[in-house]
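Beneath this line is the structure, given in structure tokens, with notes to follow.
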Ligand SMILES: Cc1ncc(COP(=O)(O)O)c(C=O)c1O
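In my numbering, the protein residues as written are 469 to 943.
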């Protein structure tokens, strides 16, 4: 087989008259099952298609292509999302009882890793942007101070860019960490595209973070769950990382997802430069169109510049938080108006903003529809000042580490009765799923206040105990 990439190889194979006496059970029988789903391409590790967990052929080449595109030491195609890369990254770096510096606004997968591997978290609390209530950047100075205070730190985990698009000074953070021989895991799930923009210099790959995790599906043309892990520094053993991946990644990787990663990689290599140039132009035109918004603020667009957001080191221009804080609307009201009146579905609502996500695959028509919708809503908006609510600027008391808390017996308790008790559940606002309360922390008045505000603004509160409005607690 000398086809160019995995998808072409799958398409070629599907046309051959090879009968599958192997998994999957659908047997590529479109006559029986219909052609709506891509059964014909959904194979397993049959002859000629390599093995994701011991790649020697086409999947090895795919990993090498990813490494070439991003400029890593070694890369790994992932089919279980960034989640499996983050779990493996933490597993490769920490042992039970180790101290880990963690940005508090990390994704739930980071917390799950801390819990699984018995790490002791020391949180880096991001500052809050006054105008939008969006969490700002973690600074190298914060990291340096924390490393001084916690000399036994084994790993640093930072999310950059965040879900909202806020970028931290990863070069400064990596420098501070590497001076002490401490590895950095960068959750760059939302930043796989940075390498193709003028923000490339701020990417964690460029900064030489030891492990960088990308959700290709979030900001690049790839199917949901497609992701990549890149080893960019020298402080993590690639063998240990690969072994950990084999624990957390499925033993039945979808070739449809792998083909999507291959397609994405080919797109970036062959069409990336032109596509990202058009994307930049589209965003610039959209930004211009936001200049005359009166009450809504498209963050970083129109007349809003980064100088208005001093807690942001840099900002991903592809993210579009639309701040409603100067209107009578909350984020959810804005999302509803966009959905019901303009057939636009946004990404997520917070109290004082709604987040819209753009990508290199957006169209001029899509941007125009959004610009028209925002102008129509802005014209009708009544000015009004909404006090900022999230996120909190203090951390709840930690009585137990997440791993210790996971081993404690608990009882279900309604949120309204939780004050003063130790929570054993994660309490999260979803999306993005960063926690208000981590197991082992105390329900204080601020948490209760935040839960009430979330309810008032129709934000989804998820609790890991499975019963809405409740948490597992111990007294
Ligand atoms: C910051 C961040 N990291 C990691 C993840 C996990 O990514 P995935 O869904 O690809 O597993 C998410 C998902 O929303 C995220 O927002």
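Backbone N, C-alpha and C fix where the C-beta goes; we use that ideal spot for every residue, glycine too. Computed from a predicted structure; not experimentally measured.
Going by Cα to Cα distance, which pick from the options is closest to residue i?
| i | options | result |
| --- | --- | --- |
| residue 810 | 835, 797, 794, 816 | 835 |
| residue 871 | 800, 748, 507, 906 | 906 |
| residue 583 | 598, 605, 558 | 558 |
| residue 737 | 694, 749, 897, 688 | 688 |
| residue 779 | 940, 600, 893 | 600 |
| residue 694 | 592, 773, 718 | 718 |
| residue 891 | 884, 875, 911 | 911 |
| residue 547 | 682, 884, 502, 602 | 682 |
| residue 598 | 774, 495, 785 | 774 |
| residue 932 | 645, 898, 513, 767 | 898 |
| residue 796 | 619, 767, 850 | 850 |
| residue 556 | 535, 572, 579 | 579 |
| residue 575 | 655, 516, 515 | 655 |
| residue 534 | 734, 704, 760 | 734 |
| residue 593 | 817, 603, 868 | 603 |
| residue 930 | 913, 924, 586, 895 | 895 |
Taking DSSP as the reference, what is the three-state secondary structure of residue i?
| i | result |
| --- | --- |
| residue 783 | strand |
| residue 469 | Only weak support is given to the placement of residue 469: the predicted model assigns it a pLDDT of 41, under 50, and the question is left unresolved by the model. |
| residue 941 | strand |
| residue 511 | coil |
| residue 845 | helix |
| residue 931 | strand |
| residue 640 | helix |
| residue 834 | helix |
| residue 895 | strand |
| residue 925 | coil |
| residue 602 | coil |
| residue 478 | helix |
| residue 619 | coil |
| residue 1019 | This structure gives no information on residue 1019, because the portion of the chain shown stretches from 469 to 943. |
| residue 811 | coil |
| residue 774 | helix |
| residue 611 | helix |
| residue 919 | helix |
From the DSSP secondary-structure annotation, give me the bridge partner or partners of residue i.
| i | result |
| --- | --- |
| residue 502 | DSSP output for residue 502 lists no bridge partner at all. |
| residue 879 | 941 |
| residue 631 | Note: residue 631 sits in no beta bridge, so no partner. |
| residue 655 | 627, 681 |
| residue 909 | 866 |
| residue 817 | 822 |
| residue 788 | 824 |
Would you say residue i faces chain C, with C-beta separation under 8 Å as the test?
| i | result |
| --- | --- |
| residue 727 | Absence of chain C from the displayed structure is noted, only one protein chain being present. |
| query | Can you list the beta strand (DSSP E) stretches of 3 or more residues lying completely in the stretch 664-741, in chain order? | reply | 679-683, 695-699
| field | In chain order, each alpha helix (DSSP H) run of at least 4 residues that lies wholly inside the stretch 539-591 | value | 549-561, 576-584
| Does the pairing of the stretch 698-712 with the stretch 671-678 give three or more beta-carbon distances under 8 Å? | yes
| query | If you pair each beta-carbon of the stretch 652-669 with each one of the stretch 795-808, do three or more pairs fall below 8 Å? | reply | no
| query | Taking contact to mean at least 3 C-beta pairs separated by less than 8 Å, is the stretch 701-721 in contact with the stretch 624-641? | reply | no
| At least three beta-carbon pairs within less than 8 Å, the stretch 810-822 to the stretch 739-751 | no
| request: Determine contact between the stretch 497-510 and the stretch 520-527, defined as no fewer than three beta-carbon pairs at a distance below 8 Å. | output: no
| Is it a yes or a no for the stretch 623-631 touching the stretch 563-574, going by three-plus beta-carbon pairs under 8 Å? | yes
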